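Chemist: Below is one structure. I have some questions about it.
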Amino acid sequence: MPELPDVEIFKQYLSSTALHKKIRSVDIHSAEMLKGVTAQKLKKTLKGERFISTRRHGKHLFVEMAESKKWLVLHFGMTGFLKYFKNTAREPAHERLLIHFSNGYRLAYDCQRKLGEIALTDAPEVFIQEKELGPDALEPDFNVDRFKETLKKTRAMIKSALMNQKFIAGIGNVYSDEILFQAGIHPETRSSELDEDALTTLYSQTKRVLRTAIDARADPDHLPSTFIIPHRHGHGTCPKCKNNIEKIKVGGRTAYYCPQCQKG
DNA sequence: TTCCATGTTCCGCA
DNA sequence: TTGCGGAACATGGA
């Protein structure tokens with residue numbers, strides 16, 4: 006489930022495995038996932054390089070190269086993840102990009118449904134601007150005033166507004182449900198109708214939920230029992246009031262919420 | 001077999 | 001004109 010917390014974990018994973026190692030060769034299995042760069046150009050750019058640093062903005066991961074100073078950009082769609090391995094037995098099933106290092110290890114970008122994206126950019130800032138991405142949900146500069154300002158100016162349903170990457174980068178379907186549950190706000194509430202108190206609560210819960218998820222390594226099994234995410238499938242019950250969780254469509258996406266605890 | 005899924009983008013309508 | 005909301009996209013599992 007690659008939303009902000011998941012991508013943060015991918016960033017930590019890549020940083021602790023694949024940095025500073027020489028890239029011997031690159032295999033591109035699904036060239037249609039490359040955006041704005043040809044397979045030939047990407048291979049040529051990566052070959053002989055070393056990754057030296059990583060950054061994350063919302064759901065995008067940026068990996069800097071030592072020589073060219075360019076950045077590899079990875080977006081994970083609904084099903085993407087990374088795997089660093091040596092044994093072919095550990096090779097994932099839907100590799101779209103495979104980077105071979107001179108130490109014999111490989112870094113696979115696996116994306117079963119191919120809704121992710123592989124790109125190259127001169128700088129993360131340039132990419133973020135071109136994509137018109139909003140501020141990262143966890144960046145310190147994104148304070149309560151900017152959060153309120155952003156959400157007051159749209160009449161979209163609050164769940165849709167939280168998921169709009171041009172407003173705030175990093176929140177997807179699953180964590181928007183969690184944030185709204187923790188804040189006690191109904192997902193279909195019009196964003197512009199939220200009062201100051203509701204917005205203040207929503208802001209602090211946005212930060213808290215995302216940080217808590219990162220601390221849990223974005224693993225649903227490690228999330229607090231007070232979270233709704235573990236009860237998000239099947240016929241779950243609310244961890245606060247024990248009533249049944251409702252499943253509805255909001256802006257075309259599946260939303261789970263507690264009708265008792267989340268009022269419009 | 002049909003439906004549904006955590007992602008973004010595109011198009012029609014208000 | 002702008003922005004919202006549903007459909008489409010690619011693929012596979014229930």
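For reference, each letter of the first sequence is one residue, going 6 to 269 in my numbering. Ideal Cβ placement from N, Cα and C applies to all residues, glycine included. Remember, predicted model here, so these are calculated numbers, not experimental data.
Run through DSSP, which three-state label would M38 get?
Modeler: Counting from 1 along the first sequence, the entry for residue 38 is found at position 33. Looking at M38 - three-state DSSP - the assignment turns out to be helix.
Chemist: When burial is assigned at 16 or more other CB atoms within 10 Å of the CB, is G85 buried or exposed?
Modeler: As a position in the first sequence, residue 85 is number 80, starting the count at 1. It is buried - the Cβ of G85 has at least 16 other Cβ atoms within 10 Å.
Chemist: Using a Cβ-Cβ cut-off of 6 Å (strictly less than) and excluding sequence neighbours within five positions of V31, which residues of its own chain qualify?
Modeler: Counting from one through the first sequence, the residue named residue 31 turns up at place 26. Cβ within range, chain order: K48, L51, I104.
Chemist: Under 8 Å: do the stretch 236–247 and the stretch 257–269 share three or more Cβ pairs, one atom per stretch?
Modeler: Cβ pair count under 8 Å is three or more, so yes.
Chemist: Go ahead and pull the three-state DSSP assignment for T126.
Modeler: The residue labelled residue 126 in the question sits at position 121 within the first sequence. Strand at T126.
Chemist: Can you tell me whether DSSP reads A113 as helix, strand or coil?
Modeler: Working through the first sequence from its first residue, we reach residue 113 at position 108. A113 falls in the strand class under three-state DSSP.
Chemist: Count the other CB atoms within 10 Å of the CB of S21; is the residue buried (16 or more) or exposed (fewer)?
Modeler: Residue mapping note: residue 21 aligns to position 16 of the first sequence, counting from 1. S21 is exposed by the Cβ-count criterion.
Chemist: Who are the Cβ neighbours of L143 in its own chain at under 6 Å, not counting the five residues just before and after it?
Modeler: Looking up residue 143 in the first sequence gives position 138. The residues are L215.
Chemist: Taking C-beta to C-beta, are P140 and F132 nearer than 8 Å?
Modeler: Taking the first residue of the first sequence as position 1, residue 140 is located at position 135. Taking the first residue of the first sequence as position 1, residue 132 is located at position 127. Not a contact, by the Cβ cut-off of 8 Å.
Chemist: I need the DSSP call for F106, collapsed to helix, strand or coil.
Modeler: Here the question's residue 106 lines up with position 101 in the first sequence. If DSSP states are grouped into helix, strand and coil, F106 belongs with the strands.
Chemist: I'd like to know whether the C-beta atoms of M162 and G256 end up nearer to each other than 8 Å.
Modeler: Here residue 162 corresponds to residue number 157 of the first sequence, with the count starting at 1. Here residue 256 corresponds to residue number 251 of the first sequence, with the count starting at 1. A contact, by the Cβ cut-off of 8 Å.
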